[in-house]
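Each protein sequence line maps, in turn, to chains H and X. Going by the UniProt record's numbering, the final residue of the first sequence carries number 202, and the count climbs one at a time with no gaps. Going by the UniProt record's numbering, the final residue of the second sequence carries number 202, and the count climbs one at a time with no gaps. Each residue gets a CB set at the ideal place from its N, CA and C atoms; glycine is no exception. Here's the structure, in structure tokens; my notes come after.
Protein chains: 2
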Amino acid sequence: MIRVLLVHDACLLRSALAERLAREPDLEVHHSAWRGAPALARLLSPDVCAADLDCSESYGIAPLGELTGCRPGTGKCRLLVLADAHRPGPLKRAADANARGYVDKGGTPEQLIFAIRQVAEGKRFVDDSLGFSFLRASEMPLTRRELSVLSLAAEGASVSDIALRLHLSNGTVRNYMAAITRKTGARNRVDAIRISQGEGWV
Amino acid sequence: MIRVLLVHDACLLRSALAERLAREPDLEVHHSAWRGAPALARLLSPDVCAADLDCSESYGIAPLGELTGCRPGTGKCRLLVLADAHRPGPLKRAADANARGYVDKGGTPEQLIFAIRQVAEGKRFVDDSLGFSFLRASEMPLTRRELSVLSLAAEGASVSDIALRLHLSNGTVRNYMAAITRKTGARNRVDAIRISQGEGWV
């Protein structure tokens, strides 16, 4: 039996998908919203965590590390992510978190079931349709520091707030914001935030 | 038989939910992403359109009008929406589009099935758990004009872009932005956009 933890924030959709998965004779399926998922993963130690990269909390950034970090070094609890082909940012975060499976949410439950079995056997799985998104994810133009500045700006922090939080001078923050605007091809700061949120970078 | 069109952008989740609904003997279920949903609704003339208020295109704003407008005056194609209790903005838009059913995405497929039957019989259905969200939706502080200004600002338009698009002076746009920032309790313009997007107003 493959023990699966399905993570998605909308119970209505999650429970229907869980029910579909549970009809497979080799899958034992549990499900949870993101909130509560790390605790449940620790409790159940599933073979595969199939987690939607969309998260309705934490500014939409799914706490993937909390899910994979629950059994360090055991090689258990392999991460498979449900991804949106139009949003390369979360895909990049999933790769950083060492996800083993990448399933396109535009696909079918049967594809997900196939991917779960592959990942449970220790194999990798990447949906063909996500290839171009990985390419775009690799082209993310911002540095880690610029992303920190941009994330704070997107939360509504002013230049001096950001300077204070990141221990920088106001001038340096302004330089970062100018670089971010230029690199993202944006018209201005608000536009840079919009573009970056659209790509899922912040 | 009740003919249902289920609208949700992620095929993986939508098809599992559609399969669950189709197990009910009185439901004939079709499903689609938002793109293509209005055309399919015109083709099928379903008794109930059960549509997720989240939409991955049009800046996340679901084109509800296109769905209900497809059979004007016939009383057919009743709209039921799948809503997130934390986002009152889309709920308000659903009410403006005369949706008859409001189902919390935090609920179960059984609740949705109950709601579909109610709406198909011409009754209204509102999930208890959405009550507080409706209250918050009714408290949306911005005028229609302010929302237009804010939507353009959220797209990255500058003050002069907005002035040009809405046939206003730059000073008037600045006054609107100041009013928006004050009314939303924001620290600045970016913060006002963030708050308003969080509530789902723009």
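Have a look at X:Arg174, X:His167, X:Asp54 and X:Met1 and flag the residue whose alpha-carbon is nearest the alpha-carbon of Trp201 (chain X).
Answer by Cα proximity: X:Asp54.
By the three-class DSSP mapping on this structure, what secondary structure does Val202 (chain H) have?
In this structure, Val202 (chain H) counts as coil in the three-state DSSP scheme.
Flag this pair as touching only if the stretch 121 to 133 of chain H and the stretch 150 to 161 of chain X have three or more C-beta atom pairs under 8 Å; answer yes or no.
In short, these stretches do not touch, since the Cβ pair count stays below three.
Would you mind sorting His31 (chain X) into buried or exposed? The rule is 16 or more other CB atoms within 10 Å of its CB.
Buried: at least 16 other Cβ atoms inside 10 Å.
Quick one: list the residues of chain X neighbouring Arg187 (chain H), beta-carbon separation under 9 Å, in chain order.
Result: Gly156, Ala157, Ser158 and Asp161.
Would you say Gly89 (chain H) and Glu19 (chain H) are within 8 Å of each other, going by their C-beta atoms?
Cβ distance not < 8 Å, so Gly89 (chain H) and Glu19 (chain H) don't count as in contact.
Helix, strand or coil for Gly171 (chain X) per DSSP?
Correct three-state label for Gly171 (chain X): helix.
Within the continuous alpha helix (DSSP H) that includes Ile2 (chain H), where are the two ends?
Where Ile2 (chain H) is concerned, there is no enclosing alpha helix (DSSP H), although the beta strand (DSSP E) it sits in stretches over Ile2 to Val7.
Taking Cys55 (chain X) as the query, report the chain H residues whose CB atoms sit under 8 Å from its CB, ordered along the chain.
Residues of chain H passing the Cβ test: none, with the nearest at roughly 12 Å.
Can you find a C-beta in chain X that's less than 8 Å from the C-beta of Leu15 (chain H)?
At residue 15 (chain H) the sequence reads Ser, which differs from the Leu that was named. Yes, contact with chain X.
Along the chain, where does the beta strand (DSSP E) that runs through Ser148 (chain X) open and close?
Looking at the DSSP string, Ser148 (chain X) is not in any beta strand (DSSP E); the run it does join, the alpha helix (DSSP H), is Arg144 to Ala154.
Under a Cβ-count criterion, where at least 16 other Cβ atoms within 10 Å of its own Cβ denotes burial, should Leu112 (chain X) be classed as buried or exposed?
With 16 or more other Cβ atoms within 10 Å, it is buried.
For Ser45 (chain H), write down the residues that DSSP places opposite it in a beta bridge.
Answer is none; Ser45 (chain H) lacks a bridge partner.
Skipping 5 residues on each side, what residues in its chain have a beta carbon closer than 6 Å to that of Leu21 (chain H)?
Same-chain partners within the cutoff: Leu27 and Val29.
CA-CA distance, Ile195 (chain H) and Gln118 (chain H)?
Cα to Cα, the separation comes out at about 35 Å.
Could you check if Ser133 (chain H) is buried or exposed, using at least 16 other CB atoms within 10 Å of its CB as the buried criterion?
Ser133 (chain H) comes out buried.
In the structure shown, what three-state DSSP assignment does Leu79 (chain H) receive?
Three-state result, Leu79 (chain H): strand.
To the nearest angstrom, how far is the alpha carbon of Glu24 (chain H) from that of Ser45 (chain H)?
When rounded, the distance between both Cα atoms is 20 Å.
Where do the N-terminal and C-terminal ends of the alpha helix (DSSP H) with Asp96 (chain H) fall, by residue?
Segment Pro88 to Asp96, the alpha helix (DSSP H) holding Asp96 (chain H).
Could you spell out the range, first to last residue, of the beta strand (DSSP E) harbouring Gly131 (chain X)?
Looking at the DSSP string, Gly131 (chain X) is not in any beta strand (DSSP E); the run it does join, the alpha helix (DSSP H), is Gly131 to Ser138.
Should Leu43 (chain X) go down as buried or exposed, given a rule of 16 or more other Cβ atoms within 10 Å for buried?
Under this definition Leu43 (chain X) is an exposed residue.
In whole angstroms, what is the alpha-carbon distance linking Arg189 (chain X) and Ser138 (chain X)?
Distance between the alpha carbons of Arg189 (chain X) and Ser138 (chain X) is about 23 Å.
List, in order along the chain, the chain H residues whose C-beta lies closer than 9 Å to that of Val190 (chain X)?
The contacting residues are Ala153, Ala154, Glu155, Gly156, Ala157, Ser158, Arg189, Val190 and Ile193.
Let me make sure I understand the geometry here. Which of X:Arg182, X:Ala62, X:Ala163 and X:Val149 has the alpha-carbon closest to that of Ala83 (chain X)?
For Ala83 (chain X), the nearest C-alpha among the options comes from X:Ala62.
Measure the C-alpha to C-alpha separation of Arg35 (chain X) and Ala50 (chain X) and round it to an integer number of angstroms.
Looking at the two C-alpha atoms, the distance is approximately 15 Å.
Determine the burial state of Ser15 (chain H): buried for a count of at least 16 other Cβ atoms within 10 Å of its Cβ, exposed for fewer.
Result: buried.
Only counting the same chain, and skipping five residues up and downstream in sequence, which positions put a Cβ closer than 7 Å to that of Ala186 (chain X)?
Excluding positions up to five away in sequence, the list reads Ala192 and Ile195.
Name the two residues that bound the continuous beta strand (DSSP E) containing Gly101 (chain H).
Note, Gly101 (chain H): beta strand (DSSP E), Gly101 to Asp104.
Against chain X, with Cβ distances strictly below 8 Å, would Glu19 (chain H) count as a contact?
Judged by the 8 Å Cβ criterion, Glu19 (chain H) is in contact with chain X.
Just the chain X side, please: which residues come within less than 7 Å of Leu112 (chain H) by C-beta, in chain order?
Correct list: Leu12.
Counting only Cβ pairs nearer than 9 Å, list the residues of chain H close to Pro141 (chain X).
Ordered by position in chain H, no residue passes the 9 Å Cβ test against Pro141 (chain X), which lies about 17 Å from the chain.
In terms of alpha-carbon separation, which member of X:Asn98, X:His86, X:Ser169 and X:Lys92 lies closest to Glu66 (chain X)?
Of the candidates X:Asn98, X:His86, X:Ser169 and X:Lys92, the one whose C-alpha sits nearest the C-alpha of Glu66 (chain X) is X:Asn98.
Short of 7 Å in beta carbon distance, which residues of its chain neighbour Ser169 (chain H), apart from the five on each side in sequence? Order them along the chain.
So the qualifying residues of the chain are Ala163.
For Ala115 (chain H) and Leu64 (chain H), which I take to be in contact (beta-carbon distance under 8 Å), what is that distance rounded to the nearest angstrom?
Not quite, the Cβ-Cβ distance comes to about 17 Å (not below 8 Å), so this is no contact.
Could you check how far apart the C-beta atoms of Ile180 (chain H) and Glu155 (chain H) are, in whole angstroms? I think they sit under 8 Å.
15 Å between Cβ atoms; not a contact.
Comparing C-alpha positions only, which one of H:Tyr176, H:His167 and H:Gly107 sits nearest to His8 (chain X)?
For the residues H:Tyr176, H:His167 and H:Gly107, the minimum Cα distance to His8 (chain X) belongs to H:Gly107.
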